[in-house]
Amino acid sequence: MFKINVIPRFGDIDGLKHVNNTVLAVWFEKGRNHIFRMFTPDLDLSYEKWKLILVRTDFDFIGQMYYGEDVEIRSYITHIGNSSFTIGHEAWQDDELKAKGKAVLVHYDFVNQVPISIPEDIRSQLEKHFVEEEDIGKI
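Going by the numbering used here, the first residue of the sequence shown is number 90, and it counts up by one from there.
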């Protein structure tokens, strides 16, 4: 599992004084950086080097998050297929789960416009961060 802390910015807050729902997608994407590096270590976004494409993302709001307290983003792997894998995400504030979600990514060849199998060395790295479905939210 990967953990990062984000500090809600003043601009992340909405008129109801809590973290705006649009911010969570950005924070969860930031939480995927460690996984992005498995595929493209230098994070070079050139067409020939980037190896992942996002095909689905969703999240559920469980509680409100507020300005003034850091939010811990936890990211882990919940499924590994031939060319795709699923990343689970959680947002915690004040030791409480506030939101959870997932993102499905495909190992992708942008030059030829086709999905490609996940190499065994990367698959083994992903497996080190695998969390069983029944353990989600308990970590």
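Glycine residues also receive a C-beta, built at the ideal position from the N, C-alpha and C atoms.
Problem - Continuous alpha helix (DSSP H) assignments of at least 4 residues falling wholly in the region 137-213 - result: Scanning the region 137-213 for uninterrupted alpha helix (DSSP H) segments of 4 residues or longer gives nothing; none is fully contained.
- Candidates ASP101, LYS187, LYS92, VAL203, of which the one nearest ASN171 by Cα: Locating residue 171 in the sequence shown gives position 82, counting from the first residue. Of the candidates ASP101, LYS187, LYS92, VAL203, the one whose C-alpha sits nearest the C-alpha of ASN171 is VAL203.
Q | For ALA114 and THR146, believed in contact at Cβ under 8 Å, the rounded distance | A | Against the sequence shown, residue 146 aligns to sequence position 57. Against the sequence shown, residue 114 aligns to sequence position 25. About 7 Å separates the beta carbons of THR146 and ALA114, which is inside the 8 Å limit, making them a contact pair.
Query raised in the report: Does the separation of the CB atoms of ILE96 and ASP159 fall below 7 Å?
Result: As a position in the sequence shown, residue 96 is number 7, starting the count at 1. As a position in the sequence shown, residue 159 is number 70, starting the count at 1. In this structure, ILE96 places its C-beta atom within 7 Å of the C-beta atom of ASP159.
Quick one, which of GLU118, GLY157, VAL193, GLU137 has its alpha-carbon nearest HIS168's? Within the sequence shown, residue 168 is the residue found at index 79, counting from 1. Looking at GLU118, GLY157, VAL193, GLU137, the one whose alpha-carbon comes closest to that of HIS168 is VAL193.
Look at LEU105 and ILE151 and say whether their C-beta atoms are less than 7 Å apart.
-> Translated into the one-based positions of the sequence shown, residue 105 becomes position 16. Translated into the one-based positions of the sequence shown, residue 151 becomes position 62. It is not a contact, given that the beta carbons lie outside the stated cut-off.
*Terminal residues of the continuous alpha helix (DSSP H) containing LYS92?*
In the sequence shown, the residue the question calls residue 92 occupies position 3. Where LYS92 is concerned, there is no enclosing alpha helix (DSSP H), although the beta strand (DSSP E) around it starts and stops at 91-95.
query: CB-CB under 6 Å to SER135, same chain, minus the five flanking residues each way: which ones, in chain order?
result: Reading the sequence shown from its first residue, position 46 is the one you call residue 135. Take SER135, set aside five residues on each side of it, and no residue of its chain has a beta-carbon closer than 6 Å to its own.
List the endpoints of the continuous alpha helix (DSSP H) containing GLY100.
Walking along the sequence shown from the start, residue 100 turns up at place 11. Where GLY100 is concerned, there is no enclosing alpha helix (DSSP H), given that its DSSP letter is neither H nor E.
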